[in-house]
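Novice: Just dropping this structure here.
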Amino acid sequence: MSTAFVSWRERFERLRANKLFETVVIAIIVVSALLIGAKTYEEEVSPFQQWLLVMDVAVTVFFLVEILIRMAAEKRLRDFFRKGWNIFDFLIVTASLIPLDDSEMVLLARLLRIFRVLRLVSIIPELRMLMAALVKSIPRMGYVALLMFIIFYIYAALGSFLFADIDDFLWGNISIAMLTLFRVATFEDWTDVMYATQEVYAWSWIYYLTFIFLTAFIFLNMMIGIVLDVMQKESVQMEIESGEGEAAELHGLRHDVRSLRDQLDRMEAALGTRQGAAGVDRRDED
4 MSTAFVSWRE
14 RFERLRANKL
24 FETVVIAIIV
34 VSALLIGAKT
44 YEEEVSPFQQ
54 WLLVMDVAVT
64 VFFLVEILIR
74 MAAEKRLRDF
84 FRKGWNIFDF
94 LIVTASLIPL
104 DDSEMVLLAR
114 LLRIFRVLRL
124 VSIIPELRML
134 MAALVKSIPR
144 MGYVALLMFI
154 IFYIYAALGS
164 FLFADIDDFL
174 WGNISIAMLT
184 LFRVATFEDW
194 TDVMYATQEV
204 YAWSWIYYLT
214 FIFLTAFIFL
224 NMMIGIVLDV
234 MQKESVQMEI
244 ESGEGEAAEL
254 HGLRHDVRSL
264 RDQLDRMEAA
274 LGTRQGAAGV
284 DRRDED
């Protein structure tokens with residue numbers, strides 16, 4: 004590998020790690036999002052449309068140059084594609100190269116340009132942490148959602164049996180009753196539903212309050228607890244990878260303790276070997 008190539012790679016690596024460069028990239032992504040929003044308005048003035056087109060081309064060129072700089076900063080090109088977020092950025096930038104003309108691909112090009120806003124997630128570490136925590140918490144939240152479905156099903160069956168004669172539109176069958184309970188769980192005029200059944204069954208408030216207590220308080224807090232637990236683990240992992248923070252210090256101390264323990268084990272093994280050899284020599288002399 005030539006010295007000139009290494010020198011250019013180091014320059015690109017310093018540029019990629021520069022905070023000002025990252026800030027400019029974030030600003031351009033925001034500008035790109037504003038351009039996408041501006042194109043949704045009806046505008047008959049052709050100069051304004053031409054200005055938007057020029058800005059879109061400029062943003063696309065900037066993203067292309069930025070992704071090429073990040074690729075050139077890697078020691079090996081395949082190292083760039085080992086990270087999922089890099090692959091995501093590469094696909095978004097590549098898809099943005101589809102021209103916005105009057106061809107059949109114009110709709111696809113506009114749809115793909117919408118996803119350029121998601122590059123904020125790949126650029127900002129905190130957003131990456133939140134996204135990773137959300138994805139990793141989905142399997143655990145699935146069990147809570149399954150339990151919520153069971154509760155919804157039981158209460159919907161009870162509501163259909165008890166309140167169908169009062170309001171067939173809200174409690175006519177179990178599927179409609181589940182939609183009504185979803186309205187109750189989201190507090191969308193749920194008191195009107197309760198008051199209508201209370202006129203016939205005065206005790207029906209127990210039905211609604213127990214359902215709200217289970218769904219809105221217990222299960223919702225369980226969901227929040229799962230997300231917070233995963234976020235805490237992701238935050239610790241991010242601190243370890245960056246080498247900053249209390250988690251990184253504890254991880255370093257544990258690594259040092261393990262290294263010292265390994266050294267002590269090797270020293271004890273070496274001393275044991277020497278003592279055994281000395282004992283053999285004494286027996287030979289005797």
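Residue 4 is where the sequence shown starts when you use this note's numbering, and the numbers rise one by one after that.
The C-beta atom is built at its ideal place from N, Cα and C for all residues, glycine as well.
Fair warning: this is a prediction, and the values are worked out from it, not measured in the lab.
(1) Does the region 94-103 come into contact with the region 141-150, if we say contact requires no fewer than three beta-carbon pairs (one atom in each stretch) closer than 8 Å?
(2) Would Ile126 pass as a contact of Glu25 if the rule is Cβ separation under 8 Å?
(3) To the nearest angstrom, how far is it from the Cα of Phe15 to the Cα of Ala76?
(4) Examine the Cβ distances between the region 228-237 and the region 197-211 and report whether three or more of them are shorter than 8 Å.
(5) Taking Ala292 as the reference, give the member of Met226, Trp174, Trp11, Asp168 with the closest Cα.
(6) Does the distance from the CB of Ile215 to the CB of Val187 come in under 8 Å?
(7) The ligand MG and Gln201: does any heavy atom of the ligand fall closer than 7 Å to the residue's C-beta?
(8) With three or more beta-carbon pairs closer than 8 Å as the criterion, would you say the region 31-44 touches the region 76-89?
(9) Determine the direct distance from the alpha carbon of Ile95 to that of Leu38, and round the result to whole angstroms.
(10) What is the DSSP secondary structure of Glu271, reduced to helix, strand or coil?
(11) How many angstroms separate the CA atom of Ala148 from the CA atom of Thr218?
(12) Tell me whether Gly87 is buried or exposed, calling it buried when 16 or more other Cβ atoms sit within 10 Å of its Cβ.
Specialist: With the structure as the only source:
(1) no
(2) yes
(3) 5 Å
(4) no
(5) Not covered by the structure: residue 292. The range shown for the chain is 4 to 289.
(6) yes
(7) Ligands in the displayed structure: none, and consequently the ligand MG is not present.
(8) no
(9) 16 Å
(10) helix
(11) 10 Å
(12) exposed
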